[in-house]
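Structure, as structure tokens:
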Amino acid sequence: MASNQLNFDMSSQQEQNQQKKKRRKSTLDTTESHIQNDSKNHQTVRWRTEAERRIYSSKLLEALRRSSRTPSHPGKRTREVRETADRVLAVAARGRTRWSRAILAKRARLLRVRKVKKQKSSGDLRLPERERRWKLPEVEKKVKVLSRLVPGCQKVSFVNLLEEASDYIAALEMQIKVMATLSEILTATGGEVSGVAGTDGGLPS
1 MASNQLNFDM SSQQEQNQQK KKRRKSTLDT TESHIQNDSK NHQTVRWRTE AERRIYSSKL
61 LEALRRSSRT PSHPGKRTRE VRETADRVLA VAARGRTRWS RAILAKRARL LRVRKVKKQK
121 SSGDLRLPER ERRWKLPEVE KKVKVLSRLV PGCQKVSFVN LLEEASDYIA ALEMQIKVMA
181 TLSEILTATG GEVSGVAGTD GGLPS
């Protein structure tokens with residue numbers, strides 16, 4: 001009888017310990033999830049602040065002024081403005097995201113290539129890989145397309161891809177607003193970047 005009571009008590013104690021472990025694990029998982037969500041929200045929100053917009057517009061104007069000192073063909077000039085806007089956006093991200101590091105790395109590679117004699121001007125002419133004969137599931141197709149749109153994200157997990165895409169989209173939204181404001185001002189001033197100046201060196205609100 002005493003033996004049965006002892007076995008019962010030990011079994012009850014084990015169940016209580018297991019329940020405690022489960023509750024502890026659940027609490028840790030919830031805390032980690034909150035931390036990750038807070039981090040993602042912070043990354044997305046920071047692109048929507050007035051301070052971030054002013055910093056970006058100031059850096060962009062400075063970079064455009066430097067590049068405008070060298071005359072270039074209109075078509076080439078358009079490409080340079082786009083590349084400058086993306087590069088400044090990547091610098092503003094301070095290397096915290098994969099997409100920003102990929103843009104800066106691409107810029108560094110281009111600078112190295114330009115130092116060497118140009119052999120091909122059309123970019124990467126490698127033969128494309130043979131297309132797969134089987135059809136990918138619809139969701140996987142969309143994920144693959146998204147991974148190609150976000151710089152540096154072709155080989156990341158689905159969760160990381162969503163985080164990078166969310167931050168990249170928020171950054172692009174800010175870039176579009178700044179570029180639209182800049183375009184309006186340049187139209188009014190006859191296209192002279194040197195004549196554009198707002199508070200703190202950025203664009204006026």
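The UniProt record's numbering numbers the first residue of the sequence shown as 1 and each following residue consecutively. Glycine residues also receive a C-beta, built at the ideal position from the N, C-alpha and C atoms. Here the structure is a predicted model, which is why all the values come from computation and not from measurement.
Endpoints, the alpha helix (DSSP H) within which residue i is located
i: K59; result: 50-68
i: R82; result: 74-92
CB-CB length for residue i against residue j, believed under 8 Å
i: T84; j: S67; result: 6 Å
i: E164; j: T97; result: 6 Å
i: E173; j: W47; result: 7 Å
i: R53; j: V178; result: 6 Å
Same chain, Cβ closer than 7 Å to residue i, five either side skipped, listed in chain order
i: S100; result: A90, A93
i: E131; result: Caution is warranted here: a pLDDT of 49 is assigned to E131, below 50, making its placement in the model unreliable, and the coordinate value is therefore given only provisionally. None.
i: I55; result: A92
i: A63; result: T84, V88
i: G95; result: R101
Sequence-distant residues of its chain with Cβ nearer than 8 Å to residue i (five each side left out)
i: L161; result: V143, L146, S147, V150, C153
i: F158; result: V143
i: S72; result: E80
i: T70; result: none
Cβ-based neighbour list, residue i, same chain, cut-off 6 Å, excluding 5 preceding and 5 following
i: R87; result: R107
i: L104; result: A90
i: K59; result: V88
i: R82; result: none
i: L110; result: none
i: E50; result: none
Cβ of residue i within 9 Å of any chain C Cβ
i: K106; result: Absent from the structure: chain C. Only one protein chain is present.
request  = Kindly provide the ranges of any beta strand (DSSP E) runs that are 3 or more residues long and lie completely inside the stretch 147-198, ordered along the chain.
outcome  = Qualifying beta strand (DSSP E) stretches: none in this window.
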